[in-house]
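Take 1 as the starting number for the sequence shown in the numbering used here and just add one per residue.
Ideal Cβ placement from N, Cα and C applies to all residues, glycine included.
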Amino acid sequence: MKPIKEITFKNKKGNSYFFDLVSLEDILNLKPTDHNQYEHHKVAFYIIAIITEGAGKHSINYNEYTYEKGTVFTVRKNNIHKFYSENASGKFLVFTEDFIIQYSENYETLKLRQLFNEMLGTPKIQLHEKEFLETQNLLHHIESEFQKENDEYAIPIIRSLVQVLVLNLFRIKSKTHNYLNNSNYYVKFTQFQELIEKNCFEHKKVAYYADKLGVTPKTLNNITQNIIEKSAKSFIDEIVILQIKRLLVNSQLSLSEIAYETGFDLPTNFFKYFRKNTGQSPKEFKESQKK
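Here it is, written out as structure tokens:
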């Protein structure tokens, strides 16, 4: 199995734009020389994908999501996704942190990070008809500005429109994800998430992270229960499993070597842990990704 390719930001207008707008049809018809869009690849930027016609499926972090007209996907930087050959239309807004975050107020930055954090809920949003029409209007305005050449106002206007789009999508998502509106624990939660993502193979116990964050395990559990309605241990396991999946797909190591690499003292404990949390053996998961 080939290693996962990391796709860096490129723009036909020049990387200094830090923003691009591409159609789903163009992406599906591309023949890249450095990767295959129909195989898993990691992105070094943010994506808002808006489906305007047709239906199909898309894979994000090894989870498959169906889509139809009015489906929106938010893909975070460093996430892994892949396309399927489908008869569908849509627009992909692609941008870097330099494009939007450094120009945003703290409130806007917080909402963007929450919207794109797949650990806070599904990366899929299904728009109702009115929401879809409002989103399409914004999309048409963005597209109109993007087509303008040598206009110093175009990119600042696009940036503002994307900020409006992010806030609109956040408002829609928060209607069905009440925890998105609770910011009391959010800073600690994101610090916890970042620590797990960096240290999860070496440390899988709640007490370690509680100590690093200067809180008790009970407080850390309260934070995750409040934000995502899961225990702190469940949240650790969720991130550990995602990181293991990346290794299984992206590594030439044997299953036993991956077991030791991910912090398990015995391969049998690794196999039991993976099956308990996924319902599959590591081998079954790896084989499923080849199909």
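- In the DSSP assignment, histidine 140 falls within the unbroken alpha helix (DSSP H) covering 129-146.
- In the DSSP assignment, the residues bridged to glycine 54 are Ala88.
- Between asparagine 79 and asparagine 61, the beta carbon gap of about 6 Å places them in contact (Cβ cut-off 8 Å).
- Of the candidates Pro123, Leu110, Val166, Glu105, Val166 places its Cα closest to the Cα of glutamate 134.
- For valine 215, there is no enclosing alpha helix (DSSP H), as DSSP gives it neither H nor E.
- Around the Cβ of threonine 71, a 10 Å sphere holds 16 or more other Cβ atoms; the residue is buried.
- Taken through DSSP and simplified to helix, strand or coil, glutamine 126 comes out as strand.
- For the alpha helix (DSSP H) assignment, the uninterrupted runs of no fewer than 4 residues enclosed by the segment 192-264 are, from N- to C-terminal side, 206-213, 217-228, 232-250, 255-261.
- DSSP, read as helix, strand or coil, puts alanine 44 in coil.
- Boundaries of the alpha helix (DSSP H) around tyrosine 107: 106-116.
- Here the alpha carbon of lysine 42 sits roughly 9 Å from the alpha carbon of threonine 8.
- In the three-state reduction of the DSSP assignment, asparagine 29 falls in the helix class.
- At the C-beta level, isoleucine 157 and leucine 93 stay beyond 8 Å of one another.
- In this structure, the beta-carbon distance from threonine 74 to phenylalanine 116 falls below 8 Å.
- The bridge partners DSSP lists for glutamate 6 are Lys42.
- The three-state secondary structure of threonine 190, taken from DSSP, is helix.
- Asparagine 87 has its alpha-carbon roughly 16 Å from the corresponding atom of tyrosine 65.
- Nearest C-alpha to serine 288 among Ser104, Asp211, His40: His40.
- About 6 Å separates the beta carbons of arginine 76 and glutamate 118, which is inside the 8 Å limit, making them a contact pair.
- For a cut-off of 8 Å, the C-beta gap from leucine 247 to threonine 262 is around 7 Å, short enough to register as a contact.
- Collapsing the DSSP output to three states places asparagine 277 in a helix.
- Around the CB of threonine 96, 16 or more other CB atoms lie within 10 Å, so the residue is classed as buried.
- CA-to-CA, the gap between histidine 141 and phenylalanine 189 works out to about 35 Å.
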